[in-house]
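A.B. asks: Structure incoming, see below.
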Amino acid sequence: MEFFPQFEFSLLGGWILLIIEWSIPILTLSFVSLEIRKRLLDRTHFSNKQKKLLIFSKIFSLILLILIFFTPLSLNSLEFYIGAIIFIFGSFIQISAIVNFIKTPMNKPVTTGLYKISRHPQDTSIFISFIGICLCIGSGISLFILLIGHIFKHYSILAEEEACAELYGESYKEYMNKIPRYLLFF
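Using my numbering, you'd call the opening residue of the sequence shown number 2 and step up by one each time.
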């Protein structure tokens with residue numbers, strides 16, 4: 002792995018994994034109602050500070066996407082194979098979490114399936130998938146930017162939890178006390 006790998010468009014580049022990663026929510030959510038999609042993307046409850054932190058998260062995400070898009074896959078390296086396994090694992094978690102989200106009635110918090118072990122399995126799965134992508138392209142700078150971006154993303158996750166606690170009341174607060182934020186920890 003190099004901290005600054007070769008930066009050029011390649012037919013066998015990180016863009017291939019980005020297409021797969023983006024296809025998961027696009028395909029999964031294309032079969033659900035607009036109301037469910039709006040619920041997933043609702044940020045109206047964010048304070049101005051939380052919106053600014055989300056913007057910083059999006060800026061780091063954009064930089065990361067550009068780096069991944071223009072970095073060739075590090076084929077035939079150990080980190081590529083480890084990254085591919087991590088990417089596939091994260092993708093399966095993401096699909097399962099989206100299905101759990103879709104199956105939950107609109108007037109209830111999502112607490113079934115993977116949401117029994119993590120309050121934010123979709124965000125966690127995307128983070129895991131992107132760790133895999135960064136390893137597949139052998140890029141240390143991409144991993145670093147991913148981590149910094151996820152620190153900012155953490156604050157939007159806190160905002161989502163505040164909104165859910167306000168919307169669903171005591172039942173969601175009890176859920177928060179029982180279930181860790183990110184999979185099996187924190």
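Yeah, the Cβ is synthetic: ideal placement off N, Cα and C, and Gly gets one too.
Hey, quick one: how far does the alpha helix (DSSP H) through residue 33 stretch, first residue to last?
C.D. replies: Careful: residue 33 lies outside any alpha helix (DSSP H) and carries neither H nor E.
A.B. asks: Count the other CB atoms, across all protein chains shown, that sit within 10 Å of the CB of residue 124; report buried if there are 16 or more and exposed otherwise.
C.D. replies: buried
A.B. asks: Let me check one thing: in DSSP terms, what residues is residue 181 bridge-paired to?
C.D. replies: For residue 181, no pairing in a beta bridge is given by DSSP.
A.B. asks: Does the stretch 18-26 touch the stretch 156-169, meaning 3 or more C-beta pairs lie closer than 8 Å?
C.D. replies: No, because fewer than three Cβ pairs between the stretch 156-169 and the stretch 18-26 fall closer than 8 Å, the two stretches do not touch.
A.B. asks: Restricting to Cα atoms, I'd like to know which of 170, 180, 157, 172 is closest to residue 43.
C.D. replies: 157
A.B. asks: Taking a contact to mean a Cβ-Cβ separation below 7 Å, would you say residue 96 touches residue 132 in this structure?
C.D. replies: no
A.B. asks: Where does residue 1 fall in DSSP's three states?
C.D. replies: For residue 1 there is no data in the structure shown, the boundaries of the chain being 2 and 187.
A.B. asks: Who are the near neighbours of residue 187 in its chain, counting only those whose CB is closer than 7 Å to its CB and skipping five residues on each side?
C.D. replies: Note that residue 187 scores a pLDDT of 49, beneath 50, so its modelled location is shaky; the value from the coordinates is reported in the next line. These residues qualify, in order along the chain: 181.
A.B. asks: Less than 7 Å between the beta carbons of residue 12 and residue 134, yes or no?
C.D. replies: no
A.B. asks: Might you give, ordered along the chain, the residues of its own chain that have their beta carbon closer than 8 Å to the beta carbon of residue 170, omitting 5 neighbours on each side?
C.D. replies: Correct list: empty, nothing qualifies.
A.B. asks: Classify residue 48 as helix, strand or coil using the three-state DSSP reduction.
C.D. replies: Collapsing the DSSP output to three states places residue 48 in coil.
A.B. asks: By DSSP, does residue 130 sit in helix, in strand, or in coil?
C.D. replies: helix
A.B. asks: Going along the chain, which residues of its own chain have a beta-carbon closer than 6 Å to the beta-carbon of residue 140, five neighbours each way excluded?
C.D. replies: Excluding positions up to five away in sequence, the list reads 6, 72.
A.B. asks: Below 6 Å CB to CB, which residues in the same chain sit around residue 136 once its five sequence neighbours on both sides are set aside?
C.D. replies: Closer than 6 Å at the Cβ level, and outside the excluded window around residue 136, lie 80, 83, 84.
A.B. asks: Under three-state DSSP, which class holds residue 187?
C.D. replies: Residue placement at residue 187 is flagged as unreliable, the pLDDT there being 49, under the threshold of 50; a coordinate-derived value is accordingly withheld.
A.B. asks: Quick test of your reading: residue 64 and residue 152, contact by CB under 8 Å. State the CB separation rounded to the nearest angstrom.
C.D. replies: Not a contact, Cβ separation roughly 14 Å.
A.B. asks: Are the beta-carbon atoms of residue 62 and residue 150 separated by less than 7 Å?
C.D. replies: yes
A.B. asks: Identify, in the order they occur along the chain, each residue of the same chain with its Cβ nearer than 6 Å to the Cβ of residue 16, setting aside the five sequence neighbours on each side.
C.D. replies: 70
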